[in-house]
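Written out below as structure tokens is the structure these notes cover.
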Amino acid sequence: KGKVAMVTGARRGLGLAMARGLVEAGAKLVAVAASPDCRELRQAIEKMGGEMLYLRADLADRRQRKGLVDKAVKRFGRLDILVNGAGIQHRQPAVDFDLGQWDRIVSLMMTGVFELSQQAARVMARQGGGKIINIASLASFQGGWIVPAYAAAKHGVAGLTNALANEWASKNIHVNAIAPGYFDTDMCAAIV
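So for the sequence shown, the working numbering puts the first residue at 977; every next one is plus one.
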């Protein structure tokens, strides 16, 4: 209650569920997603009596990642929780995998996780601590099938989580990851 939480990928799927859960627990929400349309999310948050700042950003684009945490702090005065939940998927056999898709997925789901964690940690260190929750995947450990970029990025998230947890624990910044399996979301529609 009274915390400020930023959730990337907050407009749908697991990110939406996590955003709603944080608002239900009393947090103010900073929702980050690529879509220009956040009406459904805004209505859901308002119906719950929550307060939300929506930041539209394609997190695969480094320029659009820049300054997102500063915008949250400008609006709410602090940032207590970061959930790195944004993700995309491209299914294609590895021998034919499109390198443009590779670059986009790795930029969004690994480099973007690092950059937003870095931005958040700077604020959290000044505040005396905070929580960073990265969304890894069972693919972080199993590799997946015809999803080489996704699997590589999620392996990276698992390793990055360990590295940041070790380095930032002394600053009272707790970095953890959740590794979900398959859920009935848009991302898993091709296999459900």
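Backbone N, C-alpha and C fix where the C-beta goes; we use that ideal spot for every residue, glycine too. Note that the coordinates shown come from a computational prediction; the quantities given were computed from them, not determined experimentally.
Check: residue 1078: which of 1126, 1092, 1009 sits nearest, CA to CA?
Finding: 1126
Item checked: Nearest candidate by alpha-carbon position, reference residue 918, set 1053, 1001, 1044, 1135 -> A question about residue 918 goes unanswered here, because the residues of the chain that appear run from 977 up to 1168.
Notebook entry, point to check: Using CA coordinates, which residue listed in 1043, 999, 1089, 981 is at the minimum distance from residue 1023?
Noted result: 999
Notebook entry, point to check: Taking the C-alpha atoms as reference points, what is the distance between residue 1119 and residue 1037?
Noted result: 25 Å
Next item on the list: Please confirm whether residue 1049 and residue 1099 have their CB atoms less than 7 Å apart.
Entry: yes
Check: Taking contact to mean at least 3 C-beta pairs separated by less than 8 Å, is the region 1059-1070 in contact with the region 1104-1112?
Finding: yes
Notebook entry, point to check: Considering only the beta carbon of each residue, do residue 1067 and residue 1122 sit closer than 7 Å?
Noted result: yes
Item checked: Within 7 Å, strictly: CB atoms of residue 1034 and residue 1040 -> yes
Next item on the list: Mind reading off the beta-carbon distance from residue 1085 to residue 1063? Whole number of angstroms is fine, and I expect it under 8 Å.
Entry: 6 Å
Notebook entry, point to check: How many angstroms separate the CA atom of residue 1114 from the CA atom of residue 1156?
Noted result: 6 Å
Next item on the list: Go through its chain and collect everything with a Cβ distance to residue 978's Cβ below 7 Å, but skip five positions before and after it.
Entry: 1002
Next item on the list: Within its chain, find whatever has a CB closer than 8 Å to the CB of residue 1018; leave out the 5 residues flanking it on each side and keep chain order.
Entry: 1028, 1030
Notebook entry, point to check: From what residue to what residue does the alpha helix (DSSP H) around residue 1096 run?
Noted result: 1088-1103
Check: With burial defined as no fewer than 16 other Cβ atoms inside 10 Å of the residue's Cβ, what is the status of residue 987: buried or exposed?
Finding: buried
Note to self: I'd like the span of the alpha helix (DSSP H) that includes residue 1081, first residue to last.
What the structure shows: 1075-1082
Notebook entry, point to check: For the alpha helix (DSSP H) that contains residue 1023, what are its first and last residues?
Noted result: 1015-1023
Notebook entry, point to check: Beta-carbon separation of residue 1141 and residue 1151 under 7 Å?
Noted result: yes
Item checked: Nearest to residue 1042 (by Cα), restricted to the options 1009, 990, 1092 -> 1092
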